[in-house]
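Novice: 236 is the number that my numbering gives to position 209 of the first sequence; each next residue is one higher, with no gaps. For glycine and all other residues, C-beta sits at the position ideal for the given N, C-alpha and C. Quick caveat, the model's predicted, so the values are computed rather than measured.
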Amino acid sequence: MIKQQLTEKLEEIIGKYAKEKGIENFVFSVEEPPKNIAADFAVNAAMLIAKKIKANPRNIAAEIIDLILSGMGDIINKADIAGAGFINLHLKDEVLFDELKKIVSEKDKYGSKASNNKEKIMVEFVSANPTGPLHIGHGRGAAIGDSLARILKHLGYNTTKEYYLNDVGNQMLVLAESARVRYLQLMGDEVPFPADHYQGDYIKDIAKRLVDEGRNIDEIDFKKEAVKDILATIEIDLKDFAVEFDNWFSEGAIALDQDKNGKTEVDKACEYLVSKGDAYVKDDALWLASTKFGDDKDRVLKRSDGRYTYLASDVAYHKNKFERGFTKLVNLWGADHHGYVARINACVQMLGFPKEALKVVLYQLVSLVRNGQPVAMSTRTGEFITLKEVVDEVGKDACRFFFLLRAPDSQLEFDLELAKKQSSENPVFYVQYVNARCNSIFRESKSRTDITKNADFSLLNTKEERALIKQLTAFCDTLSLCEKTMSPHHFTSYLIELADIYHKFYEKCRVLSDDSALTSARLKLIEAVCVIIKNGLGLLGVSTPEKM
RNA sequence: GCGCCCAUAGCUCAAUUGGAUAGAGCGUUUGACUACGAAUCAAAAGGUUAGAGGUUCAACUCCUCUUGGGCGCGCCA
Numbered sequence: 028m029i030k031q032q033l034t035e036k037l038e039e040i041i042g043k044y045a046k047e048k049g050i051e052n053f054v055f056s057v058e059e060p061p062k063n064i065a066a067d068f069a070v071n072a073a074m075l076i077a078k079k080i081k082a083n084p085r086n087i088a089a090e091i092i093d094l095i096l097s098g099m100g101d102i103i104n105k106a107d108i109a110g111a112g113f114i115n116l117h118l119k120d121e122v123l124f125d126e127l128k129k130i131v132s133e134k135d136k137y138g139s140k141a142s143n144n145k146e147k148i149m150v151e152f153v154s155a156n157p158t159g160p161l162h163i164g165h166g167r168g169a170a171i172g173d174s175l176a177r178i179l180k181h182l183g184y185n186t187t188k189e190y191y192l193n194d195v196g197n198q199m200l201v202l203a204e205s206a207r208v209r210y211l212q213l214m215g216d217e218v219p220f221p222a223d224h225y226q227g228d229y230i231k232d233i234a235k236r237l238v239d240e241g242r243n244i245d246e247i248d249f250k251k252e253a254v255k256d257i258l259a260t261i262e263i264d265l266k267d268f269a270v271e272f273d274n275w276f277s278e279g280a281i282a283l284d285q286d287k288n289g290k291t292e293v294d295k296a297c298e299y300l301v302s303k304g305d306a307y308v309k310d311d312a313l314w315l316a317s318t319k320f321g322d323d324k325d326r327v328l329k330r331s332d333g334r335y336t337y338l339a340s341d342v343a344y345h346k347n348k349f350e351r352g353f354t355k356l357v358n359l360w361g362a363d364h365h366g367y368v369a370r371i372n373a374c375v376q377m378l379g380f381p382k383e384a385l386k387v388v389l390y391q392l393v394s395l396v397r398n399g400q401p402v403a404m405s406t407r408t409g410e411f412i413t414l415k416e417v418v419d420e421v422g423k424d425a426c427r428f429f430f431l432l433r434a435p436d437s438q439l440e441f442d443l444e445l446a447k448k449q450s451s452e453n454p455v456f457y458v459q460y461v462n463a464r465c466n467s468i469f470r471e472s473k474s475r476t477d478i479t480k481n482a483d484f485s486l487l488n489t490k491e492e493r494a495l496i497k498q499l500t501a502f503c504d505t506l507s508l509c510e511k512t513m514s515p516h517h518f519t520s521y522l523i524e525l526a527d528i529y530h531k532f533y534e535k536c537r538v539l540s541d542d543s544a545l546t547s548a549r550l551k552l553i554e555a556v557c558v559i560i561k562n563g564l565g566l567l568g569v570s571t572p573e574k575m
């Protein structure tokens, strides 16, 4: 919150200055300087202005500093010129102390805004086909999508998490047939199992249930039964991974369900596109003119045999999302779907929305390694590692934290042997340990009677304490960064850094001491630490045990 | 063949979207528990950011090319 307030004031002051120099709509950045620089924030405005008007950046910086000191004396203690013309700002301690008070009083509400209601956001993720259990790759999408949604929610956006269920199409027929053959086999029929059908044992489990229930083959809807069991498993696996959806949206609802005129939403979406001139008939098929909006080639919506493609459903689905009032759509897709981005972007624009209304976050696939050997992943062959398997082995917290450690863009190598180690090799323990240590102090402090109610933060004047407070107040900046980049991974970095600073503080500054005023102030400080750790880990879906 | 993503310390990855001396964890070496938890801390070693050009006051970041890896390119989903 500090940075945001600071930036607003600087924009006012420097913007006015730039305007006097003949520069309209001047944009500059407010950043944290590198660690070796002793300052709170750095501004690059002078170098940018100097370039535009061909002046000496340090002279410009000097002029801006005068303006800052006279206009922002209440929050800025000191400002100086460094390097090529950076303006380094030093905050007044009171600004940090006020923010600290806010953290302690607002607790889990800290950093959340109430004013973002204008945007209604849907985060759609996982959306794995109900043809088998979730594997580890889905887990990455689940962790990123869920945490992103939590962050957006915390920022005050009206946010909905949705799972799109592809329960229509060819794969469903294959699934039903897979279950039927397994059923026959269990009944003693020696029918061969087709090689291109779903091989996993979970299909046998479904068949076994049907046999155990004494069901007659003539009255079994194998598709329905298989999807039911698989979905139940998926839901449990996700729940154990701290992921819960607000809504499960069935493709059947738009591709099969008909209105009173006998039309599905897919029918209507295609008609709409035709009426707008964005879809046309060629070679007996219906084509989407996606090249109009930058796609490589036009795509088929309806095959010449009259069946719709997956894309047709997807157009209708996205239309449906907008019709439900969402103004911003976030889709998490595995990188193997990247070829699909251009056409869905085209759809959004054809539906009359700006390109920015949809953000597709692509996450690179997880490659599994076990004993140095790559592990193949394919739902068809049955040689896959399930999310459940990994969560059972390494724990939900470690697994989520691990997935959120990396930017979605980078390929992630998941070493099963490494992940199994419940040791300090896993950074999640390092962060959770902060909370455990704080709580240990709280337990100890209960026996003391000399603790004053009003902590005097000005007693927190060591460099370790100031660094800690500074890091705590960066919580909101981290939230904004995650929103800006649509990635929660900055939060893991932030928390690891916070943990690092805390442990250093812990070594240097004893909390419980004979100095009761100082003890009170430090207790309040670590209370704030707990708030931030708990909030931060909570946004990542990781728990904060008081004892470990 | 065309397109998208990636290449950073021995390993796994960050780097506030163009900022200052590129940072963490693990691993390696050395040291610290008779006061709040040593799942910790202090210190050391480790880099031509794959390579070559270019743009810029400033490049890991942007542009071009090369090399190497992942993934796509269907009237499949």
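Does the stretch 525 to 540 come into contact with the stretch 457 to 473, if we say contact requires no fewer than three beta-carbon pairs (one atom in each stretch) closer than 8 Å?
Specialist: With a cut-off of 8 Å, the stretch 457 to 473 and the stretch 525 to 540 count as touching, because enough Cβ pairs lie within range.
Novice: Counting C-beta neighbours from all protein chains within 10 Å, is the total for residue 157 16 or more, i.e. buried, or is it exposed?
Specialist: Here the question's residue 157 lines up with position 130 in the first sequence. Classification of residue 157: buried, given that the 10 Å Cβ count is 16 or more.
Novice: Thinking C-alpha only, which one of 277, 290, 229 and 278 is nearest residue 256?
Specialist: The residue given as residue 256 occupies position 229 in the first sequence. Considering only alpha carbons, the answer is 229.
Novice: Taking three-plus beta-carbon pairs below 8 Å as touching, is the stretch 511 to 518 in contact with the stretch 426 to 440?
Specialist: Touching, per the Cβ criterion.
Novice: Please classify residue 409: is it buried, with 16 or more other beta-carbons within 10 angstroms of its beta-carbon, or exposed?
Specialist: On the first sequence, position 382 is the one that residue 409 refers to. Residue confidence for residue 409 is low, a pLDDT of 42 falling below 50, so the modelled location carries little weight and cannot support an answer.
Novice: Quick one: measure Cβ to Cβ for residue 155 and residue 261, integer angstroms, because I've assumed they're closer than 8 Å.
Specialist: Locating residue 155 in the first sequence gives position 128, counting from the first residue. Locating residue 261 in the first sequence gives position 234, counting from the first residue. Confirmed, Cβ separation roughly 7 Å.
Novice: Excluding the five sequence neighbours on either side, which residues of its own chain have a C-beta within less than 6 Å of the C-beta of residue 407, listed in chain order?
Specialist: Sequence index remark: in the first sequence, residue 407 carries index 380 (1-based). Legend: pLDDT at residue 407 = 40, less than 50; position of this residue unreliable, no value from coordinates given.
Novice: I need the straight-line Cα distance from residue 405 to residue 36, nearest angstrom please.
Specialist: Locating residue 405 in the first sequence gives position 378, where the first residue counts as 1. Locating residue 36 in the first sequence gives position 9, where the first residue counts as 1. Per-residue confidence for residue 405 stands at a pLDDT of 47, beneath the threshold of 50, marking its modelled position as unreliable; the derived number appears in the next sentence. So the two alpha carbons sit approximately 54 Å from each other.
Novice: Go ahead and pull the three-state DSSP assignment for residue 361.
Specialist: The residue labelled residue 361 in the question sits at position 334 within the first sequence. Three-state DSSP puts residue 361 in a strand.
Novice: Leaving out the 5 sequence neighbours to the left and right, which residues in its chain are closer than 7 Å to residue 510 when beta-carbon positions are compared?
Specialist: Numbered from its first residue, the first sequence carries residue 510 at position 483. If we look at residue 510 and ignore the five residues flanking it on each side, its Cβ neighbours are 178, 179 and 182.
Novice: Would you kindly report the start and end of the unbroken alpha helix (DSSP H) that includes residue 600?
Specialist: Because residue 600 is not part of the residues shown, which for the chain are 28 to 575, the question remains open.
Novice: Pop quiz: residue 558 and residue 131 are said to be a contact at Cβ under 8 Å. What is the actual Cβ separation, rounded to whole angstroms?
Specialist: For the purposes of this step, residue 558 is taken as the residue at position 531 of the first sequence. For the purposes of this step, residue 131 is taken as the residue at position 104 of the first sequence. Right, the Cβ-Cβ distance comes to about 7 Å (below 8 Å), so this counts as a contact.
Novice: If you measure between the beta carbons of residue 487 and residue 548, is that distance less than 9 Å?
Specialist: Numbered from 1 along the first sequence, position 460 holds the residue referred to as residue 487. Numbered from 1 along the first sequence, position 521 holds the residue referred to as residue 548. A contact, by the Cβ cut-off of 9 Å.
Novice: Would a C-beta distance cut-off of 9 Å place residue 354 and residue 28 closer than the cut-off?
Specialist: The residue you call residue 354 lines up with position 327 of the first sequence. The residue you call residue 28 lines up with position 1 of the first sequence. No, Cβ-Cβ distance for residue 354 and residue 28 is not below 9 Å.
Novice: Bridge partners for residue 154 per DSSP, in chain order?
Specialist: For the purposes of this step, residue 154 is taken as residue 127 along the first sequence, with counting starting at 1. None, per the DSSP bridge assignment.
Novice: Per the DSSP calculation, residue 307 is bridged to which residue(s)?
Specialist: Working through the first sequence from its first residue, we reach residue 307 at position 280. 314.
Novice: Tell whether a beta-carbon distance below 9 Å holds between residue 281 and residue 344.
Specialist: Stepping through the first sequence from its first residue, residue 281 is reached at position 254. Stepping through the first sequence from its first residue, residue 344 is reached at position 317. In contact: residue 281 and residue 344 (Cβ atoms closer than 9 Å).
Novice: Would you mind giving the Cβ-Cβ distance between residue 339 and residue 297, rounded to the nearest angstrom? I have them listed as a contact below 8 Å.
Specialist: Sequence index remark: in the first sequence, residue 339 carries index 312 (1-based). Sequence index remark: in the first sequence, residue 297 carries index 270 (1-based). Rounded, the Cβ-Cβ distance is 6 Å, consistent with contact.
Novice: Using CA atoms only, rank isn't needed, just tell me which of 104, 153 and 63 is closest to residue 360.
Specialist: Indexing the first sequence from 1 puts residue 360 at position 333. Nearest option by C-alpha distance: 153.
Novice: Smallest Cα separation from residue 26: which of 86, 197, 233 and 215?
Specialist: In the structure as shown, the chain starts at 28 and stops at 575, and residue 26 therefore has no counterpart that could be examined.
Novice: Within the chosen definition, does the stretch 269 to 280 reach the stretch 232 to 246 through at least 3 CB pairs nearer than 8 Å?
Specialist: Counting Cβ pairs under 8 Å, fewer than three are found: no touch.
Novice: Any idea if residue 438 is buried or exposed, counting beta-carbon neighbours within 10 angstroms, 16 or more meaning buried?
Specialist: Taking the first sequence and counting its residues from 1, the one referred to as residue 438 is at position 411. The residue is exposed, with fewer than 16 neighbouring Cβ atoms inside 10 Å.
Novice: Can you tell me the Cα-Cα spacing of residue 34 and residue 57, whole angstroms?
Specialist: Within the first sequence, residue 34 is the residue found at index 7, counting from 1. Within the first sequence, residue 57 is the residue found at index 30, counting from 1. So the two alpha carbons sit approximately 7 Å from each other.
Novice: Between the C-alpha atoms of residue 554 and residue 55, what's the straight-line distance to the nearest angstrom?
Specialist: Within the first sequence, numbered from 1, the residue matching residue 554 stands at position 527. Within the first sequence, numbered from 1, the residue matching residue 55 stands at position 28. Going by the C-alpha atoms only, they are around 36 Å apart.
Novice: Note down the Cα distance separating residue 241 from residue 502, rounded to an integer number of angstroms.
Specialist: Here residue 241 refers to the residue found at position 214 when the first sequence is read from its first residue. Here residue 502 refers to the residue found at position 475 when the first sequence is read from its first residue. One C-alpha to the other measures close to 58 Å.
Novice: Return the chain-ordered list of same chain residues with a C-beta closer than 7 Å to the C-beta of residue 91, the five sequence neighbours on each side being excluded.
Specialist: Along the first sequence, read from residue 1 onward, the residue named residue 91 stands at position 64. Excluding sequence neighbours, residue 91 sits near 41, 44, 72, 73 and 114.
Novice: Under 6 Å Cβ to Cβ from residue 457, same chain only, skipping five residues before and after it: list those, please.
Specialist: One-based indexing of the first sequence puts residue 457 at position 430. Result list for residue 457: 526, in chain order.
Novice: Return the chain-ordered list of same chain residues with a C-beta closer than 7 Å to the C-beta of residue 330, the five sequence neighbours on each side being excluded.
Specialist: The residue labelled residue 330 in the question sits at position 303 within the first sequence. Excluding positions up to five away in sequence, the list reads 312 and 336.
Novice: One question on the structure: do residue 321 and residue 373 come within less than 9 Å of each other, judged by their Cβ atoms?
Specialist: Here residue 321 refers to the residue found at position 294 when the first sequence is read from its first residue. Here residue 373 refers to the residue found at position 346 when the first sequence is read from its first residue. Yes; because the gap between Cβ atoms is below 9 Å, this pair is in contact.
Novice: Can you tell me which of 119, 111 and 112 puts its alpha carbon nearest to the alpha carbon of residue 581?
Specialist: Since the first and last residues shown for the chain are 28 and 575, residue 581 lies out of range.
Novice: Give me the Cα-Cα distance between residue 288 and residue 454, rounded to the nearest whole angstrom.
Specialist: For this step, residue 288 is matched to residue 261 along the first sequence. For this step, residue 454 is matched to residue 427 along the first sequence. Rounded to whole angstroms, residue 288 to residue 454 spans 58 Å at the Cα level.
Novice: Please classify residue 185: does DSSP put it in a helix, a strand, or coil?
Specialist: Indexing the first sequence from 1 puts residue 185 at position 158. Looking at residue 185 - three-state DSSP - the assignment turns out to be strand.
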